[in-house]
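Here's the structure, in structure tokens; my notes come after.
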Amino acid sequence: MILRPATRAELPAVLALLADEDRVVDPGSVRVTEAYERAFADIQGDPRNEMLVLVDGDLVLGCLQATYIPGLGKGGAERALIEAVRIRPDRRGGGLGRELMERAVARAEERGCALVQLTSDKRRTDAHRFYASLGFARSHDGFKLAL
């Protein structure tokens, strides 16, 4: 398995992973809108963003987006923000999520990040246990404002 930045050809597979957490969605059924195209191009064109995929041959098994945030805290080091973490529902339970996250954390460490942070929907209690098993601590409360 390889972890690497997603290609444009893999965009439907990534969108399929994000479309439904509980069932496998056929990437061929996903409509890639102009907004998705623009967002993907923006991610690809920004050295502080990566849409990473975990692949086995041509099959996209998982994905996440990593954003590297500069800041004055932590001695001026970047921090990595991880979002949109998904593993194909039919491939869960075999360690792929752990592999995906450990590799993403290693990428952040190699980049010189001082910490990795993420958010997770409050309803995803299984995901919370998973992140805790990786060493993530609930250190802050998050707030969002929908616009």
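Under full-length UniProt numbering, the sequence shown has 2 at position 2, and the numbering climbs by one with no breaks.
Ideal Cβ placement from N, Cα and C applies to all residues, glycine included.
Check, Outcome
"Thinking V30 and A41 are a contact (beta carbons under 8 Å), I'd like their distance in whole angstroms, please.", "About 17 Å; that fails the 8 Å criterion."
"Taking the C-alpha atoms as reference points, what is the distance between I69 and Y36?", "22 Å"
"Please check the pair L61 and R91, which I expect to be a contact at CB under 8 Å, by giving their CB distance rounded to whole angstroms.", "5 Å"
"Does the pairing of the stretch 45 to 62 with the stretch 1 to 13 give three or more beta-carbon distances under 8 Å?", "yes"
"Closer than 7 Å to a non-hydrogen atom of the ligand FMN - does that hold for the CB of V32?", "Ligands are entirely absent from the displayed structure, and the ligand FMN is therefore not among its contents."
"For the stretch 76 to 103, list the beta strand (DSSP E) runs that are entirely contained and at least 3 residues long, ordered along the chain.", "79 to 87"
"If you pair each beta-carbon of the stretch 93 to 103 with each one of the stretch 72 to 79, do three or more pairs fall below 8 Å?", "no"
"For P89 versus V14, is the C-beta spacing smaller than 8 Å?", "no"
"So, at 7 Å on beta carbons, what are the nonlocal neighbours of H128 in its own chain, with the 5 sequence-adjacent residues on each side left out?", "S120"
"With C-beta atoms as the reference, is R86 less than 8 Å away from L3?", "no"
"Report the three-state DSSP secondary structure of V14 (helix, strand or coil).", "helix"
"To the nearest angstrom, how far is it from the Cα of R124 to the Cα of C63?", "17 Å"
"With DSSP collapsed to three states, give me the class of E50.", "strand"
"Taking DSSP as the reference, what is the three-state secondary structure of D56?", "strand"
"May I ask you to report which of helix, strand or coil DSSP gives A39?", "helix"
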